[in-house]
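>
2 protein chains.
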Amino acid sequence: MTLFNARVTVTLKNGVLDPQGKAIEGSLSALGFAGVEQVRQGKVFAVTLNADSKKSAIQSLNSMCEKLLANTVIEDYAVEIVA
Amino acid sequence: MTLFNARVTVTLKNGVLDPQGKAIEGSLSALGFAGVEQVRQGKVFAVTLNADSKKSAIQSLNSMCEKLLANTVIEDYAVEIVA
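From first to last, the protein sequence lines stand for chains A and Z.
Residue numbering for the first sequence follows the working numbering, beginning at 1414 and increasing consecutively.
Residue numbering for the second sequence follows the working numbering, beginning at 1414 and increasing consecutively.
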């Protein structure tokens, strides 16, 4: 068993409305930041897990995303092993 | 002016309690995922912005983090230009 540090990023699919991102766009513009075209907000999870291999760690993380971390109807996810 | 796609990641500093991460740890374990040592949740912002150069885009994004996107008392941020 090896300890892996993974980063799971969950973002809204294209076409799904993101009111929180829109609010941030508005606030940035009100603070004087010009040139911001779009902001979309997502979630990131830093997961530390034990697994037999990098491959099995990634399989396990994908399964966590399908079952808990992401709502796959409206969200995409990406899994990276950081170390 | 060039259009840059940036990714801003905001995570809790080490030592700051993360009850949401703890809840996810508990849920993963209840779902039968063994070997998860720690989960910490953060935020990710996909920002599309116009800037004169990559350097000025990064400066602008750091300033956005200091002023709005991150609470620098308890959170760290990282800025990457994706494309």
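Heads up, the beta-carbon is just placed ideally off N, CA and C, and yes, glycines get one too.
All values reported here derive from a predicted model rather than from experimental measurement.
Taking 8 Å as the CB-CB limit, is S1473/A close to chain Z?
Chain Z contact via Cβ: present.
> Between the Cα of Q1451/A and those of F1417/Z, Q1472/Z, I1437/Z and Y1490/Z, spot the shortest distance and give me the residue it belongs to.
F1417/Z
> Taking C-beta to C-beta, are L1462/A and V1449/Z nearer than 8 Å?
L1462/A places its beta carbon less than 8 Å from that of V1449/Z.
> Hey, is the segment 1485-1493 of chain Z in contact with the segment 1435-1442 of chain Z, meaning 3+ C-beta pairs nearer than 8 Å?
These segments do not touch.
> Strictly under 8 Å for the Cβ-Cβ distance: is E1479/A near chain Z by that measure?
no
> Compare the Cα-Cα distances from V1429/A to each of A1496/A, T1485/A and I1494/A and report the closest residue.
T1485/A
> Relative to the C-alpha of K1456/Z, which residue among L1425/A, V1495/A, M1414/A and A1496/A is closest?
L1425/A
> Exposed or buried, which one is L1444/Z when buried takes at least 16 other CB atoms within 10 Å?
With fewer than 16 Cβ atoms within 10 Å of its Cβ, L1444/Z is classed as exposed.
> Starting from the beta carbon of N1463/Z, find every residue of chain A whose beta carbon is closer than 7 Å, and list them in chain order.
G1448 and E1450
> Which value, in whole angstroms, describes the spacing of the CA atoms of M1414/A and P1432/Z?
27 Å
> For E1493/Z, which residues does DSSP report across the bridge?
R1420/Z
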